Amino acid sequence: MAERMGGGVCFPLSTLPWIWEYDGWVVLAGALFAIAAALPGTFLVLRRMSLAADAISHAVLPGIVLAYWWSGGRQAIAMLLGAACLGLATIWLTDRARSLGKVDEGAATGTVFTGLFAAGLILMVQLADSVDLDPGCLLFGDLEMVPIDAGSSGWRRVPTAIWIAAALLVANLSWIVLFWKELKVSSFDEAYAESQGLAPAVAQYALATSVAITAVASFQAVGNLLVVGMFIIPPAAAMLLSHRLPSILLIAAGVAAVSAAVGHWLAIELPSRLQLPGTSTAGMMVVVACLILAGAILLSPIDGWLARWLRTVRHRRKVEEEDLLARIYRQQETSRRRPQPHSTPSPHPLSTRILRRLERQGLVEPLLDPPQWQLTASGMARAKELVRSHRLWETFLDTHPGVSPDRLHERAEALEHFTDLKIRRKLEEQTDGRARDPHGSPIPEEPGPER
Amino acid sequence: MTGWLDYNTWWVLFGTSLLGAACGAVGVFLLLRRRALVADVISHATLPGIAVAFWLLWASGRSGKSLPWLLLGAACSAGLGALGLLLLRNRTRLREDAAMGVVLTGWFAIGTVLLRWVQGLGGDAAGLEGFLFGKTATLVAEDGRWIALASLLSVGLVLLLKRPIGLICFDPAFATSLGWSVWWLDFGLMMAAISLIIVGLQAVGAILMVALLVIPPAAARFWTTRLHRLLLIAMGLGGFSGMVGAWISDQGDKIPSGPAIVLTGVAFFLISLLFGTHDGLARRWIRHRALEWMVRRDHFLRDFYEYLESRGQAPTIVGHARSAEVPGAAALQWTRGMANHRTLFSRLHREGLVIGEPHGSLFLTAKGIQQAIIAVRKHRFVEHYLHLLLDLPTEAIDRGADATEHWLDETMLARLESQLGVSTMEVPESLHPIVPEDESGTPSSQPAGKLGGRDG
Chain A
1 MAERMGGGVC FPLSTLPWIW EYDGWVVLAG ALFAIAAALP GTFLVLRRMS
51 LAADAISHAV LPGIVLAYWW SGGRQAIAML LGAACLGLAT IWLTDRARSL
101 GKVDEGAATG TVFTGLFAAG LILMVQLADS VDLDPGCLLF GDLEMVPIDA
151 GSSGWRRVPT AIWIAAALLV ANLSWIVLFW KELKVSSFDE AYAESQGLAP
201 AVAQYALATS VAITAVASFQ AVGNLLVVGM FIIPPAAAML LSHRLPSILL
251 IAAGVAAVSA AVGHWLAIEL PSRLQLPGTS TAGMMVVVAC LILAGAILLS
301 PIDGWLARWL RTVRHRRKVE EEDLLARIYR QQETSRRRPQ PHSTPSPHPL
351 STRILRRLER QGLVEPLLDP PQWQLTASGM ARAKELVRSH RLWETFLDTH
401 PGVSPDRLHE RAEALEHFTD LKIRRKLEEQ TDGRARDPHG SPIPEEPGPE
451 R
Chain B
452 MTGWLDYNTW WVLFGTSLLG AACGAVGVFL LLRRRALVAD VISHATLPGI
502 AVAFWLLWAS GRSGKSLPWL LLGAACSAGL GALGLLLLRN RTRLREDAAM
552 GVVLTGWFAI GTVLLRWVQG LGGDAAGLEG FLFGKTATLV AEDGRWIALA
602 SLLSVGLVLL LKRPIGLICF DPAFATSLGW SVWWLDFGLM MAAISLIIVG
652 LQAVGAILMV ALLVIPPAAA RFWTTRLHRL LLIAMGLGGF SGMVGAWISD
702 QGDKIPSGPA IVLTGVAFFL ISLLFGTHDG LARRWIRHRA LEWMVRRDHF
752 LRDFYEYLES RGQAPTIVGH ARSAEVPGAA ALQWTRGMAN HRTLFSRLHR
802 EGLVIGEPHG SLFLTAKGIQ QAIIAVRKHR FVEHYLHLLL DLPTEAIDRG
852 ADATEHWLDE TMLARLESQL GVSTMEVPES LHPIVPEDES GTPSSQPAGK
902 LGGRDG
């Protein structure tokens, strides 16, 4: 096995420039297989069965070996059948071990697939005389060899692998459309699917069959690695980018296709730029898919790290600004109630940075004499809302047991930023429209709509 | 292989059984943390490290096949994979299984890409994949020594931290409150798994290492629920399958050692599944049959008692060697709906509860009377309870009592006795007339016994 792998039987190691007649077919085959895997893969990931893809793709080994031995050669149909049987057997056995033996799901999967894989290895060694299979080639595939297996004229010029990939894609698409309702409902809520008479088990086994057939059909052409990667990574990326099933499927297919094209291009370009020998196209395609996933993790508008960070920053700025508005209001309130000489410096100077932001929003304006900041009309309205929310909360929490008086301010300080008109109305009702908060400060009137 | 266990074979057997035992111990904790398949991820994640280590060795002008360095590289990239897994799981919306799948395929793909480059650079890179698939040939003594060392180290680590790791398996919050860091313990556990997988790569191959970590603990769960015994049994099963598998591989013709070890493990798993003393299928089946028999017997004895009671011949616990007779035909009627009433009668005979002939007359023995009274008391206690304390109408209580009465133990009976104010061994009155129900629903002429299959 080792000699074959290193000897370059499976893949050419030399770097060749990009030739459309050649590399076009490679990209097309990679993209078709990748999309064909990403579609059922979406449902695997949704059902938290991602590792079933890896498990099934290992567990089909005895099926392939037996089919090969029985049919006496690489009969595609026999191998597909053998693989499909083993794929179903994997899911069934895992399910049995889980329900009958009460074995943890991961352990059940691990037990079943490693056992089957070991049986396959022993069969392969035992039947080595009549079965000429190479696990290395099965795993890594020879995507670069796709265009070689083709005729010379007309339709024959389309390589065999393209036909297989197209058939696979059509088959996967059609069963997904056929079982759409079952798949959709049972992926999210198995109990509900059962209550609707949708037989979630049928969808489950259809999925397992599809995964097994997809895996095996693409073994020879593109290798195990690409398929298992494409089962999981594009759907995972798509799920970070969308919440709706149809768009998740579309995005997953798009990610799969893009990583096939970019992956092959990188596999050719990168080595020649860096003076490195050629590399595995299938591996590069999966690496690109991983990069896209990393991009989705960072940049997804829904829940990406950047979006989360921006949200935090925006939120912090809002709280800063609102706190400052409320502080200016309180200072003015105090000086109005108990006129003080202006010279008394505030213990905490107002942050100029935040004041500039508020000024840009037209909420505060600078006064020249005395030199201080003053709220504009709209700033005053906003500040009143905030202080009103704060004091309403204090009043409300004070009447409720469980909040100690010295923590009233703290709680109200946090809540005031999330209190809208509706909640303030409710609070006013609950506190019987009291005019003063527990500390004796007046609760401002609700500012009118005319700002 | 010829010859009976030469020096080489001894080392291999020793190494594989130690490896199996160590994997069993570490696997128990992985299983309890519900992370069984982490092993799969880790073993795939070793590939980039092997490639990079090879390249570094080659670039520094050494032979690329220095085993310790390659294994060190593998361990580093496996560690990075484990970190990536923790990061993806804790910091993104990806769920655990998707995170594992992504790390597994992503790391493996990077490894493939790097490996191609490294192989193209020259050097004797051929056969690096052998690390992943394992040697299909038999092991040698050198492998055995490495395996023994790593196994002892990781078992030592895990057993040393047995208590805190056990704590985070069952109650992470409590472990944290005791000052243990869940993150570091998880990391230590993963490190133990990684070091085992690294040495096992050589012996059985990456994918089959998963089996060694997963199967023995899963099998051990059928024998016990106590952590201490679970560890011992998993270590025993793992070690034994390592030894037996390696031995089979040594004796047999063209049987690679890795798959042989795994299949031995699977065989132990199946045996445990069937015959495990805690939760095996055989044990569960026997328990089920015993329960079924208890229900059937109690229902029959109660029918017997109530038949006699309705004729004023109710047996009491004292002074009767045997009860008044019941015509076998009537008894057959109670068992209507049960196909095998012959086995019922013969078993009742065997247990010394009933004497007589189903075709003639039947009598309860003294023991039978005692059992019947207990059965009747249980039934009526529950009926009284349902009627008096739960306020259910008398028509509704019979079925409810049928379903519940068998689960009463001594304590509950004593409680019911005192709640209902009935003295010990007194049989309370039935709350409803004991009349047989016909299929038509009208009382038939036969005055005793409840008909209709009371299937437990």
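Protein chains in written order, with our numbering: chain A, 1 to 451; chain B, 452 to 907. C-beta: ideal position from N, C-alpha, C; glycine also. All figures in this text were calculated on a predicted structure; none of them were measured in a lab.
According to the DSSP assignment, residue 559 of chain B belongs to the alpha helix (DSSP H) that extends over 547-571. Residue pairing by DSSP places residue 812 of chain B opposite B:778 in a beta bridge.
Neighbourhood of residue 766 of chain B in chain A, by CB distance below 9 angstroms: empty, with the nearest CB roughly 45 angstroms away. Residue 806 of chain B: member of the beta strand (DSSP E) spanning 805-807, first to last residue. Out of B:607, B:672 and B:600, the CA that lies nearest to the CA of residue 104 of chain A is found in B:672.
A straight-line Cα-Cα distance of about 13 angstroms links residue 218 of chain A and residue 60 of chain A.
In the DSSP annotation of this structure, the continuous segment of the beta strand (DSSP E) that includes residue 372 of chain A starts and ends at 372-375.
At a Cβ-Cβ threshold of 8 angstroms, residue 171 of chain A and residue 182 of chain A do not count as neighbours. For residue 571 of chain B, the nearest beta carbon of chain A is closer than 8 angstroms to its own beta carbon. Residue 60 of chain A carries a coil assignment under DSSP once its states are collapsed to helix, strand and coil. For the stretch 689-708 of chain B, the residues whose beta carbon sits under 8 angstroms from a beta carbon of chain A are, in order, 705, 706 and 707.
Excluding five sequence positions before and after residue 431 of chain A, the CB atoms of its chain that fall closer than 8 angstroms to its own CB belong to 392, 395, 396 and 399, given in chain order. Taking the CA atoms as reference points, residue 519 of chain B sits about 24 angstroms from residue 535 of chain B. The C-alpha of residue 229 of chain A lies about 24 angstroms from the C-alpha of residue 655 of chain B. When Cβ-Cβ separations below 8 angstroms define contact, residue 276 of chain A makes contact with chain B.
CA-CA distance, residue 775 of chain B to residue 838 of chain B, rounds to 31 angstroms. Distance from the CA of residue 863 of chain B to the CA of residue 831 of chain B, rounded to the nearest whole angstrom, comes to 14 angstroms. In this structure residue 302 of chain A is exposed. Its beta-carbon is surrounded by fewer than 16 other beta-carbon atoms within 10 angstroms. Interface residue (Cβ-Cβ distance to chain B less than 8 angstroms): residue 437 of chain A is not classified as such. Identification of chain A residues near residue 551 of chain B by a Cβ-Cβ cut-off of 8 angstroms yields 50 and 51, ordered along the chain. Assignment of residue 367 of chain A by DSSP, reduced to helix, strand and coil, places it in the strand class. As a beta-bridge residue in DSSP terms, residue 773 of chain B pairs with B:816. What residue 126 of chain A touches in chain B, judged by beta-carbon distance under 7 angstroms, is 705, going in chain order. Interface residue (Cβ-Cβ distance to chain B less than 8 angstroms): residue 242 of chain A is not classified as such.
Here residue 495 of chain B is buried: its Cβ has 16 or more other Cβ atoms, across all protein chains shown, within 10 Å.
Residue 883 of chain B has its alpha-carbon roughly 21 angstroms from the corresponding atom of residue 859 of chain B. With a threshold of 16 other beta carbon atoms within 10 Å, residue 506 of chain B meets it and is buried. Taking a 10 Å sphere around the C-beta of residue 690 of chain B, we find 16 or more other C-beta atoms and assign the residue as buried. DSSP, read as helix, strand or coil, puts residue 442 of chain A in strand. Of the residues A:372, A:368, A:358 and A:404, the one whose Cα lies closest to the Cα of residue 382 of chain A is A:358.
The alpha-carbon of residue 191 of chain A is positioned some 38 angstroms away from that of residue 529 of chain B. Annotated as distal: residue 525 of chain B and residue 563 of chain B, with beta-carbon spacing of 8 angstroms or more. Annotation: residue 127 of chain A is outside any alpha helix (DSSP H) and is labelled neither H nor E by DSSP.
Note on residue 285 of chain A: 16 or more other CB atoms within 10 angstroms of its CB, so buried under the neighbour-count rule. Under the DSSP assignment, residue 180 of chain A falls in the alpha helix (DSSP H) whose first and last residues are 180-188. Taking 8 angstroms as the CB threshold, residue 499 of chain B stays off the interface with chain A.
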